[in-house]
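Following my numbering, the numbering of the sequence shown begins with 92 at its first residue and continues without gaps. Glycine included, every Cβ here is placed at the ideal spot set by N, Cα and C. Following: one structure in structure tokens, then a few remarks.
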Amino acid sequence: MLLFSLFRNHSTTETVLFGVFAVIITVFLLLDLGVFHKTAHKINTKTALYQSIFWVLVSTAFGYAVYLFDDSADGGADALLEYFSAYLTEYALSVDNIFVILLILKYFTVQEEYYHKVLFWGILGAVLFRGVFIFVGAYLIGQFHWILYVFGVFLIYSGIKIYFEDSDEKIDPEKNPIMRLSRAYLPISKDAQGGQFMVTENDKFKFTPLFLVVILIETTDLIFAVDSIPAAFAITQNEFLIYTSNIFAVLGLRAMFFLLAGIIDKFYLLQKGLSVILFFIGAKMLLEIIHFEIPVVLSFLVIIITLTLAVVFSVLIPKKDKPSEELN
């Protein structure tokens with residue numbers, strides 16, 4: 092009902108495009124789980140590369156379809172730039188998410204052949220929960236436009252905070268409140284049980300540690316969504332563009348995880364680039380208070396140039412290792 096109530100005011104073409112998007116996502120997720128990865132196995136770099144290219148091509152093709160057929164108030168060209176601006180922003184923010192997911196998997200010593208299964212269900216949850224976030228956000232903005240300016244202040248704060256954060260900061264999953272509640276109130280098996288999420292022990296259903304990993308990844312994604320979704324609303328208030336670009340980026344995240352897991356730490360300047368983008372997008376939103384609008388083209392260029400420079404300089408200027416503390 093929420094989806095219907097929000098999309099009933101959009102153009103017929105946009106509704107059709109959303110239907111195409113839903114079919115694409117559903118079909119490929121079913122093929123992914125039921126055909127290509129029916130049995131657990133380790134994803135190699137070559138497969139991850141092909142999957143990453145595939146999702147980028149699908150996302151790009153959908154963006155082109157938006158340009159050709161979208162007849163909303165945004166207009167084809169503006170809608171295209173807004174779509175790709177939101178897509179690139181979410182894709183870049185996902186890099187930090189990859190690092191955290193890797194730490195979680197290592198912390199729980201999950202076997203690599205189960206990585207795909209964990210990420211599949213984690214990302215499926217992200218598709219659902221981000222949809223709720225985005226459409227509720229769109230509804231609230233429709234009722235209270237000033238919420239956009241709250242988002243702007245929050246994004247500027249997040250940009251400054253991320254800029255000065257230690258990129259080597261470790262996480263402690265046991266401090267996660269959802270994890271604590273799960274351990275306190277759910278029957279948990281001590282055995283991984285061959286990659287299962289639920290097992291029967293002594294005629295009682297129990298959840299496995301792998302189920303806890305999925306929960307932790309899910310809650311971690313929601314934390315990242317707190318930054319990325321307001322950033323998308325700063326780029327466009329069209330929930331169709333926000334949701335489709337966001338979900339395509341999240342789906343590409345899993346393939347990118349297997350591709351970048353071993354070299355993620357080399358792009359150490361990406362965090363600085365992301366902080367600049369969040370600060371810029373937040374400022375862009377606040378400038379609308381005085382009726383000063385930054386063109387969509389300029390916003391897109393700032394995002395793509397900042398990300399490109401962050402990656403290039405990370406490669407050209409390797410990160411210096413921190414000197415180890417001398418023993419007294």
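Closest Cα partner of residue i within the set the options
i    : options                   : result
S319 : L140, L171 and A177       : A177
L422 : T151, E292 and F190       : Here the chain has residues from 92 to 419 only, and residue 422 is not among them.
W212 : S336, F288, Y198 and A156 : F288
I116 : D312, V218 and L272       : V218
F224 : E204, L122 and A316       : A316
L184 : I314, K295 and V403       : I314
L350 : T103, K133 and A113       : K133
F302 : V149, H382, V201 and G154 : V201
Exposed unless 16 or more other CB atoms sit within 10 angstroms - verdict on residue i
i    : result
Q142 : buried
H236 : exposed
D169 : buried
Y206 : buried
P409 : exposed
P321 : buried
Residue i - DSSP class collapsed to helix/strand/coil
i    : result
E292 : strand
I279 : strand
F358 : coil
Q202 : coil
E309 : helix
I115 : helix
E173 : helix
H207 : helix
A164 : Note that A164 has pLDDT 47, beneath the 50 cutoff, so the model's placement of it is unreliable and no number is given.
I408 : coil
Q328 : coil
P386 : coil
W146 : helix
F235 : coil
DSSP bridge partner residues for residue i (one or two, in chain order)
i    : result
K297 : V290
Cβ-Cβ separation, residue j to residue i (assumed contact under 8 Å), whole Å
i    : j    : result
I269 : I308 : The pair is not a contact, with the Cβ atoms about 11 Å apart (cut-off 8 Å).
V157 : L120 : No, V157 and L120 are not in contact; Cβ-Cβ is about 21 Å, not under 8 Å.
M376 : Y254 : Not quite, the Cβ-Cβ distance comes to about 18 Å (not below 8 Å), so this is no contact.
T180 : A323 : 7 Å
I279 : K297 : 6 Å
V304 : I195 : 6 Å
I251 : F370 : 7 Å
V402 : L344 : Going by Cβ atoms, the distance from V402 to L344 rounds to 17 Å, so no, they are not a contact pair.
Y174 : G154 : 5 Å
V186 : F358 : 7 Å
L400 : G364 : 7 Å
Heavy atom of the ligand NAD within 7 Å of residue i beta-carbon
i    : result
L179 : Among the components of this structure there are no ligands whatsoever, and the ligand NAD is therefore not found.
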